[in-house]
Amino acid sequence: MFLSASLNFERQKLADFLRKCSKGLLIGQGLKAHAALEKMGFNSDLMLSNDLIDMYAKCGRVDIAAQVFDKMPDRNVVSWTSLMSGCLRNGDAFGALSLFLAMWGAEVRPNEYTLSTAVKACWSAGSVESGSQVHAVCVKTGFDVVSVVGNSIIDMYAKCGRVEDAARLFDAFPEKNAICYNVMIAGYASEENGHKAVILFRDMRVKGIVSDEFSYASVLKAVGCVGAVRQGAQVHASLIVEGFPISGKKIVAGALIDLYVKCGCVREAREVFEQCEEKSVVSWTTLILGYAQNGSVAEAMECFRQLMESGVEIDGFVISSLMGVFADLALVDQGKQTHCYAMKLPFGLDLSVCNSVVDMYLKCGLVEEAERHFDEMPVKNVISWTVMITGYGKHGIGESAVRLFDRMQSENVQPDEVSYLAVLSACSHSGLVKDSQNIFFKLCLDRHVKPKIEHYACVVDSLGRAGRLQEARNLIDSMPFRPNAGIWQTLLSACKVHGNVEMGREVGNILLDSDGENSVNYVMLSNIFANAGYWKDAEKVREIAKTKGLKKVAGRSWVEIDKKVHIFFGGDDTHPLTPEIHAVLEELEKKMKEESGYTHMVQYALHDVEEESKAANLKAHSEKLALGLALICHGLEEGGDMIRIFKNLRVCGDCHEFIKGVSKILKKVFLVRDSNRFHKFENGLCSCKDYW
DNA sequence: CTAGGGTTAG
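Going by numbering that gives the first Met the number 0, the final residue of the first sequence carries number 691, and the count climbs one at a time with no gaps.
This is the structure we're talking about:
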């Protein structure tokens with residue numbers, strides 16, 4: 000087409016203007032330019048149409064970009080690539096990939112821009128299979144050695160968990176620039192490879208490649224993953240030496256805050272945070288979690304309050320993080336409150352928010368509430384299903400867990416290794432041995448998931464609880480893994496339940512050799528001996544533990560009354576109502592003795608699994624104290640609201656029996672959440688089928 | 001028209 004000089008001038012002006020709109024994200028101006036363009040009859044101009052696509056894509060309107068694209072009489076590689084990258088930018092990786100395929104059908108050849116976009120779309124879509132296919136195309140077309148493409152490929156493999164493949168390509172890559180290094184350092188930023196990230200970071204500097212913010216952020220993440228505070232401080236120091244003021248570098252500062260938080264140095268984290276001129280929501284989130292993980296819930300909530308006042312925009316990450324804190328501590332009132340607040344926000348229905356809410360309700364013992372929110376979720380992902388399955392499992396409703404696991408697949412959600420683990424664990428808690436075996440079998444045939452040792456452990460647990468110890472033992476022997484301490488502990492615990500001293504002795508010895516610093520092993524083994532009357536053996540095991548100076552985790556229980564959390568340790572007498580608590584417990588014990596002949600189950604006192612403290616006797620177990628306080632506050636009349644008690648370890652057997660008795664006498668319902676599962680006590684019975 | 005970084009839910 001021949002254009003007059005003035006028309007050509009107008010055309011160039013429009014193109015310049017569109018690029019300006021695209022750069023400045025000025026959708027309003029862009030729409031005007033589009034109208035002008037049509038009026039002037041430039042509809043079928045290839046270059047201008049491409050500029051339009053790019054403008055709309057960058058301004059977040061891929062839908063209009065696609066309309067422009069569809070109307071074009073001719074499309075070149077730029078048209079296709081612009082739309083592809085628009086899809087990807089908009090979070091539609093699959094859309095980008097299908098365009099990539101369609102482009103081949105239209106016989107348009109990709110260039111380096113197209114290929115790097117396609118590679119990125121693959122990892123965004125989580126499909127390393129597509130990624131390696133596109134990789135093959137890059138090799139065939141010779142684009143794989145172009146740095147933009149090559150770097151994308153390395154990044155793709157690293158982000159899809161194939162770090163070794165990424166490293167192989169990285170080593171062979173001819174001209175490594177800073178981005179190439181950064182991609183690989185980021186790929187190494189994990190627990191298992193963190194040290195390699197540090198080595199590469201040094202190597203990069205030795206080779207004279209200038210490290211930038213990206214390098215720093217990634218290497219800081221890496222040292223955080225391996226928990227290397229000292230190395231982290233070194234990196235921090237070199238940041239200062241090289242004149243990298245973190246105040247203006249949000250991401251580097253964020254990485255630094257996270258590093259200090261991960262190492263338990265919340266004070267240092269706060270210092271860095273305060274140094275930032277512009278505090279991002281990410282830094283706030285990191286800090287909030289830092290406080291919570293270090294046991295300062297009040298500080299965490301205060302931090303959240305400050306965030307809300309700061310004017311920084313709240314996002315789904317903070318809400319789901321906070322919800323996780325409430326879930327862990329079972330702070331149901333705060334959880335509900337935050338949930339109500341979150342629902343009014345634009346991201347209130349985001350997956351991570353909904354998932355964290357459902358999890359919070361489950362961990363607070365409100366199964367129906369959780370089910371309601373789960374059912375109402377507009378979209379579910381594999382995590383949503385897993386949360387619910389785990390919840391059912393912990394509440395001893397294994398049948399529901401298995402049913403949900405089936406439903407998830409009928410709704411075309413592919414289970415991953417965590418969901419398999421959740422359902423297998425639910426089976427073992429509910430004694431569903433057959434289901435456990437069937438699901439495990441299915442897992443072995445599932446092309447998408449590889450069975451891990453934890454899956455084996457669940458089946459070993461199921462078999463063990465059912466008393467099929469030899470089968471459990473055989474399964475361990477048949478594993479393609481070297482057995483770890485965890486799986487032996489599972490078997491040992493089964494030996495204890497079923498009083499199998501011979502196997503217990505054998506397994507116990509293996510454990511004492513391989514995991515000799517863990518007090519749990521000694522306690523369990525000594526219990527097996529003591530239960531069977533082998534007192535001398537029991538004593539010997541306890542002696543070894545004692546000479547090694549092994550300490551146990553202190554047991555603690557808590558109960559929430561009027562939004563206040565009351566925490567008790569074993570033998571705790573610090574609560575102002577301590578005399579009243581003991582009086583209530585005493586009275587109930589007397590009644591129980593009269594009605595059903597209950598006496599303390601002394602075996603738990605002599606060698607309890609969690610043996611909270613030497614001084615504590617059964618009457619002063621933390622869960623009983625919490626129960627006593629709850630009863631005083633709720634009143635001793637029959638019936639009333641469900642009382643919820645929480646413990647950081649497993650509930651002791653005597654307390655378990657005791658609470659059963661109380662639930663019968665007072666016709667009250669108790670829900671106890673311990674480290675293992677939920678116990679719902681009602682009318683003298685407990686919901687769990689796996690307690691001993 | 002293209003490549004890299006810090007926070008979350010199981």
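A virtual CB, placed ideally from N, CA and C, is assigned to each residue, including glycine.
Taking Cβ to Cβ, would you say residue i is nearer than 8 Å to residue j?
i, j, result
"Ser686", "Gly395", "yes"
"Pro414", "Val381", "yes"
"Leu468", "Ala493", "yes"
"Leu628", "Ile664", "no"
"Thr116", "Ala95", "yes"
"Ile245", "Leu258", "no"
"Ala252", "Val280", "no"
"Arg10", "Phe41", "yes"
"Leu495", "Met478", "Before going on, a small fix: residue 495 reads as Lys here, not Leu. Their beta carbons are not under 8 Å apart, which means Lys495 does not touch Met478 by this criterion."
"Tyr419", "Ile438", "yes"
"Met359", "Ala326", "yes"
"Leu684", "Lys659", "yes"
"Ser424", "Gly390", "no"
Looking at the strands, I want to know which residues DSSP matches up with residue i.
i, result
"Val698", "The chain is shown from 0 up to 691; residue 698 falls before or after that span and cannot be answered."
"Leu684", "Glu681"
"Lys158", "None; Lys158 has no bridge partner."
"Val671", "Ile644 and His678"
So, at 6 Å on beta carbons, what are the nonlocal neighbours of residue i in its own chain, with the 5 sequence-adjacent residues on each side left out?
i, result
"Asp164", "Tyr156"
"Cys353", "Met376"
"Val228", "Cys262"
"Leu114", "Cys137, Phe142 and Val148"
"Leu630", "Val583"
"Thr284", "Phe316, Val317 and Ser320"
"Gly466", "His497"
"Val671", "Ile644, Val650 and His678"
"Val118", "Val133, Ser151, Ile152 and Met155"
"Tyr521", "Val540 and Ala544"
Which residues in the same chain have their Cβ closer than 7 Å to the Cβ of residue i, if we skip the five residues on either side of it in sequence?
i, result
"Arg161", "Val127"
"Val225", "Glu190, Gly193 and His194"
"Ala471", "Val459, Leu462, Gly463, Leu490 and Ala493"
"Cys443", "Pro450"
"Lys248", "Glu212"
"Ala614", "No answer about Ala614 holds up, because its pLDDT of 46 lies below 50 and its placement is not dependable."
"Phe693", "This structure does not reach residue 693, given that the chain is present from 0 up to 691, and the question cannot be answered."
"Lys343", "none"
With DSSP collapsed to three states, give me the class of residue i.
i, result
"His372", "helix"
"Thr331", "The question names Thr, but residue 331 is Val in the sequence shown. Helix."
"Ser424", "helix"
"Trp103", "helix"
"Ser43", "coil"
"Arg269", "helix"
"Ser556", "strand"
"Leu584", "helix"
"Leu348", "coil"
"Val661", "helix"
"His565", "strand"
"Ala465", "coil"
"Val458", "helix"
"Asn517", "coil"
"Glu609", "Note that Glu609 has pLDDT 42, beneath the 50 cutoff, so the model's placement of it is unreliable and no number is given."
"Ala484", "helix"
"Phe439", "helix"
"Glu9", "helix"
Given a threshold of 16 other Cβ atoms within 10 Å of its Cβ, counted over all protein chains shown, does residue i qualify as buried or as exposed?
i, result
"Ser674", "exposed"
"Ser409", "exposed"
"Asp62", "exposed"
"Glu267", "buried"
"Cys632", "exposed"
"Gln233", "exposed"
"Pro109", "buried"
"Cys339", "exposed"
"Asp154", "buried"
"Phe404", "buried"
"Ala101", "exposed"
Excluding the 5 residues flanking residue i on each side, which residues of the same chain have their C-beta closer than 8 Å to its C-beta?
i, result
"Asn75", "Leu45, Asn49 and Val107"
"Cys20", "Ile26, Gln28, Gly29, Ala32, Met54 and Cys58"
"Leu82", "Ile52, Ala56, Val61, Ala64, Ala65, Phe68 and Leu98"
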